[in-house]
Amino acid sequence: MTAVPGDALLAHVLRAVAGWLPERYGVLLEAGRFADGREALGRVATAGGARAATRGVAPGEAARLVELVLDRWAALGTVELPPLAVLLPPDDEDASYRLAVHGVDEGWTASWSGPVTPSADGRSAVPRPGSAGRVSARVFARSAAGRTVLTPVLHRDGAAS
């Protein structure tokens, strides 16, 4: 199975905690002494802000930061990390689009759209020769919360987008 790139997972974790903290500790976050932290949470609460915050983070550092944020989150309460799917484009090592998931059970499936031919297991797709166009996929999976449909984000240049 293809692993979710570290920077994409870090951006996902930051967005999740940025949504969770204000819901649980909103009254505390309103205190003046937390103004800087509140502003930082606001910056990473959006997909673009989280991508900007994690752009260029080395894979090892991203993994360490994910672990650190999740450990600190667990010290405050139950970690509520939603499932994630990332669409990885073809690169020098692999000519196919690949799906990477986090937080879902093994038996997930995918439906592809665009000028690609899906693999037998549906977890990757090869671009059709001479074709161009937008490629997308939907992932149908089970997570701890039940059935879910994920629309993967395209991961390019070290940042999910």
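Here full-length UniProt numbering is used: position 111 in the sequence shown is 111, and no number is missing along the way. Every residue, glycine too, gets a C-beta built ideally from N, C-alpha and C.
Nearest by alpha-carbon distance to residue i: which of the options is it?
i      : options                        : result
Ser124 : Val57, Val139, Gly133, Gly103  : Val139
Thr2   : Leu99, Gly48, Val27            : Leu99
Pro5   : His102, Asp36, Phe34           : His102
Gly122 : Ala132, Gly130, Gly133, Trp108 : Trp108
Asp7   : Arg55, Gly26, Gly19, Thr148    : Arg55
Is it true that the CB of residue j sits closer than 9 Å to the CB of residue i?
i     : j      : result
Leu10 : Leu65  : yes
Leu84 : Ala137 : no
Val13 : Leu70  : yes
Ala47 : Arg15  : yes
Tyr97 : Val135 : yes
Can you tell me where the beta strand (DSSP E) with residue i in it begins and where it stops?
i      : result
Ala110 : 109-113
Thr117 : 116-118
Ala125 : 124-127
With H, G and I counted as helix, E and B as strand and the rest as coil, what does DSSP make of residue i?
i      : result
Arg98  : strand
Ala160 : Low per-residue confidence applies at Ala160: pLDDT is 44, beneath 50, and the placement is therefore not dependable enough to give any value.
Val153 : strand
Ala144 : coil
Arg38  : helix
Leu87  : strand
Gly19  : helix
Arg24  : helix
Gly103 : coil
Ala31  : coil
How far does the alpha helix (DSSP H) with residue i in it reach, from first residue to last?
i     : result
Leu76 : 59-76
Thr54 : 47-54
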